[in-house]
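Just so we're aligned: the sequence shown equals residues 65 to 875 in the working numbering.
Accompanying notes for the structure given below.
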Amino acid sequence: MRGLALWLRWSWRDLRARWLQVAAIALIIAIGSGTYSGLTSVSAWRQASYDASYDALDMYDLRVALTTGSFADADRLLAAAAAIPHAADIAAAEPRLEVPIQVDASTADELVLVPGRLVGVDVRDGGPHVSGIATVEGRGLRPDDAAGDTVVVDEHLVQRHDLAPTGTLRLSGGRELRYVGTGLSPENFFPVDDRGSVFADFAVVYAPLSTVQRVGGHPGQANRLVLRVRPGADRDAVEREIEDALAAELGDVGLTVTRQEDDQVLRLLYDDIEGDQRFYDIFAVLILAGATFAAFNLTVRIVEAQRREIGIGMALGVPPRTIAVRPMLVGAQVALLGVAFGVGVGLLIDELMADLLSGFFPLPVWEFAFRPGIFLRGAALGLALPLAATAVPVRRAVRVTPVEAVSTTHRTASGGLAPLLSRLPLPGSSVTQMPFRNVLREPRRTLLTALGIAAAITTLIGVIGMVDSFVATIAAGDDEIVGDTPDRLTVDLDGFALVDAPEVTAITDDPMLRAAETGLTLGGTLEPGDDGIDVALYTVDLQSDLWVPTAVEGDLDHDGPGLVLSEKAAADLGVGVGDDVTLRHPRREGVGYRWVESELAVLALHPNPYRFIVYLDDEWASLFDLEGVVNTVRVAPADGVTVPDVQRDLFGQEGVASVVPVTDLARSVRDQIDEVFGIFRVIEGAVLLMALLIAFNATSINLDERARENATLFAFGLPVSRVVLVAVTESLVIGVLGTVTGVIAGRLLLAWLMAAIVPGTLPDIGVVTYLSASTVATALVLGVLAVTIAPLLTVRRLRRMDIPSTLRVVE
């Protein structure tokens, strides 16, 4: 017991002697282990919160949707479900009516004209009982609301446009609805518009079923049926029987049955957890790696400083295992201190991430419980990695002979690589040349210091460079979407219409427009590929003066049909200009459609980073058997007419589902990504602090090792200012070496992350690899300036130096 106490006191003396470096290393380990724990908690929170939110609102098990434009008597839908053989297995069934709308929620500060969906739900007996609506602010729907035009607005719209929690909305046609609160429902935890876009500004409005039937002009009808199945029941049998019963009841009316796990929003949310966790793991590993190297660097220096004592111990016959206890205890105490700090860092990151998540993903239930298992895992990593890093130099130190260990480690002026400097005609006195000789005289020390700085800069470049790359990708998408006509708008119709139909000509002949071009927007799939690529297919006039996609490769002018793909899609499919691809697309057949495959050439490639965007010249609408049929009109305002003027002019026109400026789509994408960047900023802050600590620590250790040399300079009469200048110059040289190495290594790391990790996590986006000048400048300031000024922090200690004591070689 007394022996252990001696070892602890001895190691504690070593810690006190280097308390500043020890504190910095402990903080670095804390940032590494705490960031890992905090980021890993996010995925566990999201999983638990999604589960709890879906359970709390009784998400449907099966949803029946009639084909677009089809409606059926609500009571007939319920009766068909009640008549199936396994009807007893149905816990609840409710009809719904969903109709497209345009919503005017404009305020004094902002024009808010957005497409949306009016959802009629059964509010009897406190309903809806399937896929319920959680009240966020105000109140929910009540049975007596069916008598008036009372609704609840989805929380996302209110949050996005900073609307009041209660108020009035105006629909196209002038009808006003009074909203009494905001809510969230499982099918719209993340708003997706009628064409499947997650980036659109979209309003979901909930109302009693009878209200929607009255407003939408479909009295007594519905176009959805949602069901919950009892636990343990045979859902497959219920699904088959419901589908057969409704097919028999409704005749030629088409329908689609969706299971809960196939819900688009549910899949989007849960799949996103895994993808995001890959990024968190990368960041955590980078930060832990930096912390581990910092611990290694400190231990190497401590062992080097104790080399004579280790040699004397071995000469006296002390076993190497016993000698190794002292430096290993130092490493263990530093690691334990780091782990203790790491719990605090992890809790702080938890708090920041909880605020970001609850703001970005409004859910009825968020569970931000402390995860002891995750923190224990983080603590274990924070303890094990520094200990492993400590063991390497200790093992090396005790494996040399006593004579090698006892021999002085001080080098002469001609040691190391210093002779190389004599061949260079450097100006100045020997003191002026001293910093450069010091750098070369002990290359191992220089290398360790420079690598410590480089490790920090590499991590910094890798993390912040990913943010730069995402920002550059969004900017590239904005530039391509907006082009040279930023006042362009897209008018989506509420269905297909003939090009000369009154609702279409009312738009194309509008005197407030200088240009109007009709087209189609359809879904499809591109092959070959492992799983194919789902795409949004736009027919456009590829010779238009209004706007055409940019051809970065190939030519838009062709006699035959062909596609303009994104560079990302072409790369994923392994095709180029002139190659053929298979497009699976709908083709009209009577009043419905069927899916067919067409072999089409790749005419050109466009630079939009979103791989799902595909263009086809509008003269080839015959591929879909939709000649003379449109569902989109692209317009631009006439001279003297503003974009808001056009929005208000077309708002409420017959057949118009939405009027959206192209800049709004670009802004919507950017806003969605900016929300995610809040999480990146937390990580970025941790990395910046860690990099600063590593850079300072590496320089501080280097200065400590120069203590005898500085004392010698003082003994020869040099003033403190001259000695500090020597240290500053040496730090500058090492800082430049470390920073340049770190920037190069960080750029290589960034390229690897973009090539190996991002494509699997964000397959639909061609993220460009980009490193901004501001990031490089940050690295230079951190790696050069911070390291260079570090010696200034030692001025007080240098002034108080005990020169005889510092120069003493033998205790």
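No residue lacks a Cβ here, since even glycine has one placed at the ideal position from N, Cα and C.
Remember, it's a predicted structure, so these values are computed and weren't measured experimentally.
V831 and G781 have their alpha carbons spaced roughly 60 Å apart. Note on the segment 164 to 207: whole beta strand (DSSP E) runs with a minimum of 3 residues are 177 to 185, 198 to 202, in chain order. D558 sits in a strand when the DSSP states are folded into three classes.
G529 counts as buried, since no fewer than 16 other beta carbons sit within 10 angstroms of its beta carbon.
Here the alpha carbons of R385 and I93 stand approximately 26 Å from one another. Contact annotation: the segment 703 to 720 touches the segment 234 to 252, with at least three C-beta pairs closer than 8 Å. Here the alpha carbons of A155 and E219 stand approximately 28 Å from one another. Exclusion of the five residues before and after F135 leaves H282, Q285, N287 as the residues of its chain whose Cβ lies within less than 6 Å of its Cβ. According to the DSSP assignment, R239 belongs to no beta strand (DSSP E), since it is labelled neither H nor E. Per DSSP, reduced to three states, the secondary structure at T322 is strand. In the structure shown, R552 falls within a coil segment according to DSSP collapsed to helix, strand and coil. The three-state reading of DSSP puts G247 in strand, counting E and B together. By the 16-neighbour rule on beta-carbons within 10 angstroms, H622 is exposed. The continuous alpha helix (DSSP H) containing E544 extends over residues 507 to 546. Counting only runs of at least 3 residues, the segment 586 to 626 fully encloses the following beta strand (DSSP E) elements, listed from N- to C-terminal order: 597 to 604.
Under the three-state reduction of DSSP, L826 is assigned to coil, being neither helix nor strand. Three or more beta-carbon pairs separated by less than 8 Å link the segment 273 to 282 to the segment 184 to 193, which places the two stretches in contact. Between the alpha carbons of S662 and V807 lies a distance of about 48 Å. Annotation: L590 to H649 spans about 9 Å, alpha carbon to alpha carbon. Boundaries for G102: no beta strand (DSSP E) harbours it, while the alpha helix (DSSP H) harbouring it runs 83 to 120, taken from the DSSP string. Counted as a single uninterrupted DSSP element, the beta strand (DSSP E) harbouring D218 occupies residues 214 to 218. In this structure the segment 421 to 434 lies against the segment 107 to 125, because at least three pairs of beta carbons, one per stretch, are closer than 8 Å.
For V724, the secondary structure class from DSSP, reduced to helix, strand or coil, is strand. Residue range 577 to 583 is occupied by the beta strand (DSSP E) that includes G583. Secondary structure at Q717: coil, using DSSP grouped into helix, strand and coil. In this structure, A779 sits away from L846, with a CB-CB distance that is not shorter than 7 Å. Annotation: I821 is outside any beta strand (DSSP E) and is labelled neither H nor E by DSSP. The Cβ-Cβ distance between V293 and D189 does not fall below 7 Å. Taking a contact to require three or more Cβ pairs closer than 8 Å, the segment 674 to 692 and the segment 504 to 519 do not qualify as touching. DSSP lists V604 as the bridge partner or partners of D681. Between V616 and T833, the alpha-carbon positions lie close to 18 Å from each other. In this chain, A297 is not harboured by any beta strand (DSSP E), its DSSP state being neither H nor E. Between L103 and A169, the beta carbon gap of about 36 Å keeps them out of contact (Cβ cut-off 8 Å). Contact annotation: R160 and T322 have beta-carbon atoms that are not nearer than 7 Å.
Between the alpha carbons of L826 and L669 lies a gap of roughly 20 Å. Residue state for G810 is assigned as helix, using DSSP reduced to three classes.
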